[in-house]
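Contents: one structure, followed by commentary.
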Amino acid sequence: MTQYMSPGADSLHNLAGRYYHFVRLAGLGGASAIFMGAYCKYVLKEIKNEKEQLDSQAFADVANRIHFLHSFALMAMPLAHYPIITGSLMTTGTLLFSGCMYYRALTGEKRFQPFATVGGFCLIAAWLTLIF
């Protein structure tokens, strides 16, 4: 007879060990991604110029997609070979890249765009650290 053992309430906590803060950060990131997606949808529909509205929406969509994807990926950081390095690069990259894209979408200003590039490189580096 096969015996089924239900996982304990803290099984994810045990699996993540001392790197559980990345799981919490993933929760915060996911919640803020939902908020920012809804906020951008609401604010950007008020733009009267159709071209500006489409451009702003494109920046907001990219920001939100990257924000969501990397918030979800943070849950796996406890499983990475170098969780602190990978998680720090991913968090920094998400903040810089998505933050700059959200800013551009909501204001139309380009002054922080170079930081989006830095954020993109941080995200690439974070994914590459999973190889080693």
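The sequence shown: position 48 = 48 (full-length UniProt numbering), numbered continuously. Even glycine gets a Cβ: it sits at the ideal position worked out from N, Cα and C.
Problem - Cβ pair Phe59, Arg104 closer than 7 Å - result: Yes, they are a contact pair.
Practice task
For Lys119, count neighbouring Cβ atoms within 10 angstroms of its own Cβ and tell me buried if that reaches 16, exposed if not.
Solution key: Sequence check: residue 119 is Gly here, not Lys. Buried is the call here.
Practice task
Select from Val23, Cys100 and Gly108 the residue whose C-alpha is nearest the C-alpha of Leu44.
Solution key: Gly108
Handout entry: Beta carbon of Ser71 nearer than 7 Å to that of Ala33
Key = yes
Handout entry: Cβ shell of Ala126 (< 7 Å), same chain only, five flanking positions each side left out
Key = Around Ala126: Thr86, Leu89, Met90 and Gly93.
Practice task
Apply the 10 Å Cβ neighbour rule to Lys132 and answer buried if 16 or more other Cβ atoms are within range, or exposed otherwise.
Solution key: According to the sequence provided, residue 132 is Phe. The question's Lys does not apply to it. Exposed is the call here.
Handout entry: Beta-carbon separation (whole angstroms), Leu15 vs Pro78, contact threshold 8 Å
Key = 7 Å
Handout entry: Chain-order list of residues whose beta-carbon lies under 7 Å from that of Gly17 (same chain, five-residue window excluded)
Key = Pro78
Exercise for the section: Please say whether Phe22 and Leu74 have beta carbons closer to each other than 7 Å? Expected result: yes
Exercise for the section: Rounded to whole angstroms, what's the CA-CA distance from Tyr39 to Ile84? Just pull it up for me. Expected result: 31 Å
Practice task
Go to Leu123, then tell me how far its alpha helix (DSSP H) extends in each direction, as first and last residue.
Solution key: Its alpha helix (DSSP H) spans residues Gln113 to Thr129.
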